[in-house]
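Worksheet for the structure shown next.
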Amino acid sequence: MQETGLHQVGGEESGTSLADAFRMIRLAGKFALPLPYPEILISNRFVMGQGLTTVAEGVIAPWARRAERVITDDGQLVDEFDVVQGTNVAGEPRDEIIFERSESVKLPANFRAIMAMTRVAAMSGALEKLLELTISYVGERKQFGRPISGFQAVQHNVARMAGEVAASTRASDAAIEALDTDRFVVQVSAAKVRVGEAAGIVAEIAHQAHGAMGFTHEHELHHYTRRLWAWRDEYGHEKEWQQLIGCRIASVGADRAWALISDCAD
46 MQETGLHQVG GEESGTSLAD AFRMIRLAGK FALPLPYPEI LISNRFVMGQ GLTTVAEGVI
106 APWARRAERV ITDDGQLVDE FDVVQGTNVA GEPRDEIIFE RSESVKLPAN FRAIMAMTRV
166 AAMSGALEKL LELTISYVGE RKQFGRPISG FQAVQHNVAR MAGEVAASTR ASDAAIEALD
226 TDRFVVQVSA AKVRVGEAAG IVAEIAHQAH GAMGFTHEHE LHHYTRRLWA WRDEYGHEKE
286 WQQLIGCRIA SVGADRAWAL ISDCAD
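Here is the structure:
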């Protein structure tokens, strides 16, 4: 990765933007990249320096066992720490870090939303891949002498998947487009909710369509569905972000709810 320079996407000296970093994270999610790529890009953007730095949510840090430094989501930069190794439901390293003292670094006020956006982007990529895998499989799998894609029930489920994926992609794009505006946090909130809901629906339909084969460890399906289940909870489940949206609407009034989440003045 260092040879290609992909770890520098989004860095202030790379000639690329944070929006570019989110788009790369979407691709990483689509291909189930087994690396802490989002954390690398975000830490390079906000904490320049040598060595692998990962970003922790509280005291749980992705790939802390491989990191030289950890930055927590409340701005603590940790150089010395002990690691208790763990994993999430997808088998990705999610390690507990134990530390006593740390220095502080200045992070943007919307840093938690930025980290939530990394999961939105990765999930939207994984959802696209699940749709592609399912369309391919139902077109090849035959029952009663014809592909199962010819059955109305299967067509209905695949169409529902396509709708969920399209909505998720658009929600992710809208949040990226709002990156430099005061609507970013609300857009990320809406995207985390929408993509999280889609993750449950699309993963369920994908497994139904693939049948027993989709539950085997050898099949690639679980690399995406289990990541979706894990990422859905990281940096805030839907309930947390729904509450934020509700509080924002309550503060501006229901008649301005649409303007709050769109680029329309009123």
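According to the working numbering, the sequence shown holds residues 46 to 311 in order. Quick reminder that beta carbons are idealized off the backbone N, C-alpha and C, glycines included.
Residue nearest to residue i in terms of C-alpha spacing, selected from the options
i: V240; options: F260, E57, L172 and G56; result: L172
i: Q130; options: M162, L122, M206 and R110; result: R110
i: I221; options: G245, H255 and A158; result: A158
i: G245; options: W274, F126 and K284; result: W274
i: T214; options: G170, D278, T61 and D140; result: G170
i: E141; options: E185, A243 and T117; result: T117
Under 8 Å between C-beta atoms of residue i and residue j
i: M160; j: I87; result: yes
i: G297; j: A236; result: Per the sequence presented here, residue 297 reads as Val, with Gly not at that position. Not in contact: V297 and A236 (Cβ atoms no closer than 8 Å).
i: R90; j: G120; result: no
i: L63; j: V92; result: no
i: A77; j: R272; result: yes
i: T98; j: V115; result: yes
i: S217; j: L289; result: no
i: F156; j: I143; result: no
i: A248; j: G259; result: no
i: T163; j: P79; result: no
i: V210; j: A257; result: no
Cβ-based burial, residue i [other Cβ within 10 Å; buried from 16]
i: Q232; result: buried
i: F229; result: buried
i: W303; result: exposed
i: V150; result: exposed
i: P43; result: Outside the shown range of the chain (46 to 311) lies residue 43, about which nothing can therefore be said.
i: A254; result: buried
i: Q53; result: buried
i: H282; result: exposed
i: E113; result: exposed
i: F189; result: exposed
Under the three-state DSSP convention, the category residue i falls into
i: Q130; result: coil
i: P79; result: coil
i: R139; result: strand
i: R191; result: strand
i: Q232; result: helix
i: L305; result: helix
i: S149; result: strand
i: E48; result: coil
i: S62; result: coil
i: R186; result: coil
i: A106; result: strand
i: V123; result: strand
i: T270; result: helix
i: V115; result: strand
i: A251; result: helix
i: T261; result: coil
i: V199; result: helix
### Query
Within the chosen definition, does the stretch 173–181 reach the stretch 193–207 through at least 3 CB pairs nearer than 8 Å?
yes
### Task
Taking 8 Å as the threshold, find out whether the stretch 187–202 comes into contact with the stretch 99–113 through three or more Cβ pairs.
no
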